[in-house]
Ligand code: SF4
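Residue numbers (our numbering): -3 to 382.
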């Protein structure tokens, strides 16, 4: 396919054309983009051009024009955290009267609410199509035993529920607190019932940035190291990016390339790997970090650039929780092929004043209205009958 036939919206200026059309030709041919290509795309503000490039990749990955979502809910077992990320409005220091640790009964009650959602049934459960996402603060006293007990209790009470939990930075925190290797923590949590690991806490995987916004949590090598260990033992995980704060455009590209390199390694090993990438902008409300709020244009451009750079990622999720259903829907034309989870509850970005939860019916309406067919999936992206 020639570039001219592949793209209806070539870049607008001749300077852009000289720089960007060779990149478009590579995307059309399915060739891998370089760091320099990525930097050129991150600096491109031509939305139509970027959207078309991303759609080429998206349609190649999912030609049947479906958009998936999973029935799930967020549960944050604790908001007590010693990491002190400057962008966070959810955390509370030990001793803060607003700090909490949920009891098992409180967590069970939240799972029971999820299982009571209309349309949730044993068939969906049995195929891993009902999931809880467990993430919380770096509590200074909750070590490996706490999470083993919690996962065992959940696994005993809900044998078919998919447990997607503990971001890499939480696993690093538990490993330090309990004086265990990452391998031992992942092994013990898996034995206790953990099914997969979410990509939370990735922010920007460049240590200069992490030192500025999240000095108390896993560094780049540690974050990637947890995912490497998880993949080596056959586990599927996801990857995230929180952009729009102190990072440069080049550092956004470096983040994406770090994920792409690990995915290459994991796919070559043939065990576990990343299933999907999701990005969202920093939400400035209520946190120490002062930055201008990143807008809709940046969200769509960032999704598009990620889609073409992450050529070895099968799926990309849109973030309706931070961006709302309309922008979440628009991202389907900028590389996204998945609407993420139904969530039911979200406490982390909502602490920064942003929360856009919608119902299953609204998710399906958004997908249909954009011209796609909604399908339910499990964490492994197997499509399920409801
Ligand atoms: S983002 Fe997570 S690790 Fe960082 S302060 Fe908030 S709860 Fe703690």
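C-beta atoms are modelled at their ideal positions from N, C-alpha and C, and glycine is treated no differently.
Note that the structure is predicted; figures quoted are calculated from it, not measured.
Asked: Return the first residue and the last residue of the alpha helix (DSSP H) that residue 259 is part of.; Found: 245 to 265
Asked: Hey, could you find the ends of the beta strand (DSSP E) residue 372 is sitting in?; Found: 369 to 373
Asked: What whole-angstrom Cβ distance do residue 47 and residue 296 have, given they're in contact under 8 Å?; Found: 7 Å
Asked: What residue ranges within the stretch 108 to 185 form continuous beta strand (DSSP E) runs of no fewer than 3 residues, ordered along the chain?; Found: 126 to 130, 158 to 161
Asked: For residue 190 and residue 116, I'd like the C-alpha separation in whole angstroms.; Found: 21 Å
Asked: Look at the alpha carbon of residue 374 and the alpha carbon of residue 156, and state the distance between them as a whole number of angstroms.; Found: 12 Å
Asked: With distance defined between alpha-carbon atoms, name the residue in 314, 262, 222, 268 nearest to residue 238.; Found: 314
Asked: Near residue 219, what residues of its chain come up, given a Cβ to Cβ distance below 8 Å and the 5 sequence neighbours on each side ignored?; Found: 164, 165, 168, 197, 198, 201
Asked: DSSP has residue 88 in a bridge; who is on the other side?; Found: 76
Asked: Can you tell me where the beta strand (DSSP E) with residue 68 in it begins and where it stops?; Found: 62 to 71
Asked: Leaving out the 5 sequence neighbours to the left and right, which residues in its chain are closer than 7 Å to residue 252 when beta-carbon positions are compared?; Found: 34, 302, 305, 306
Asked: Following the continuous beta strand (DSSP E) through residue 312, name the residue where it begins and the one where it ends.; Found: 311 to 313
Asked: So, with DSSP's three-state summary, where would you put residue 330?; Found: coil
Asked: Could you work out which residue in 225, 368, 204, 124 is closest to residue 179 when comparing CA atoms only?; Found: 225
Asked: Would residue 56 be called buried (16 or more neighbouring beta carbons within 10 Å of its own) or exposed?; Found: exposed
Asked: Going by other Cβ atoms of all chains shown within 10 Å of its Cβ, with 16 needed for buried, is residue 337 buried or exposed?; Found: buried
Asked: What's the call for residue 223, buried or exposed, on a 16-neighbour Cβ count within 10 Å?; Found: buried
Asked: Between the alpha carbons of residue 221 and residue 261, how many angstroms are there, rounded?; Found: 12 Å
Asked: Assess, as a yes-or-no matter, whether the stretch 170 to 186 is touched by the stretch 208 to 217 under the definition of 3 or more beta carbon pairs within less than 8 Å.; Found: no
Asked: If you check the beta carbons only, do residue 103 and residue 71 fall under 7 Å apart?; Found: yes
Asked: For residue 370 and residue 90, what's the separation of their Cα atoms in angstroms?; Found: 43 Å
Asked: How would you label residue 194, buried or exposed, when you count the other beta carbons within 10 angstroms and need 16 or more for buried?; Found: buried
Asked: Could you check what DSSP says for residue 275 in three-state terms: helix, strand or coil?; Found: strand
Asked: Who are the Cβ neighbours of residue 97 in its own chain at under 6 Å, not counting the five residues just before and after it?; Found: 74
Asked: Going by DSSP, what residues sit across from residue 192 in a beta bridge?; Found: 160
Asked: Can you list, in chain order, the residues of its chain whose CB lies under 6 Å from that of residue 324, leaving out five sequence neighbours each side?; Found: 314, 316
Asked: Please determine if the stretch 114 to 132 and the stretch 145 to 162 are in contact, where contact requires at least 3 C-beta pairs separated by less than 8 Å.; Found: yes
Asked: So what does DSSP say about residue 45, is it helix, strand or coil?; Found: helix
Asked: Taking 7 Å as the threshold (C-beta atoms), are residue 209 and residue 82 in contact?; Found: yes
Asked: Using C-beta distances below 7 Å, list every residue in its chain close to residue 236, excluding the 5 sequence neighbours before and after it, in chain order.; Found: 195, 196, 198, 274, 275
Asked: Examine the ligand SF4 and report whether any of its heavy atoms sits within less than 6 Å of the Cβ of residue 77.; Found: yes
Asked: Using C-beta distances below 8 Å, list every residue in its chain close to residue -3, excluding the 5 sequence neighbours before and after it, in chain order.; Found: Model confidence at residue -3 stands at a pLDDT of 45, short of 50, so the residue's coordinates are unreliable and nothing is read from them.
Asked: My guess is that residue 113 and residue 67 are in contact by the Cβ rule of under 8 Å, so how many angstroms apart are they, rounded?; Found: 7 Å
Asked: Buried or exposed for residue 286, please, with buried defined as at least 16 other CB atoms from any protein chain shown within 10 angstroms of its CB.; Found: exposed
Asked: Determine the direct distance from the alpha carbon of residue 321 to that of residue 340, and round the result to whole angstroms.; Found: 15 Å
Asked: Less than 7 Å between the C-beta atoms of residue 188 and residue 148, yes or no?; Found: yes
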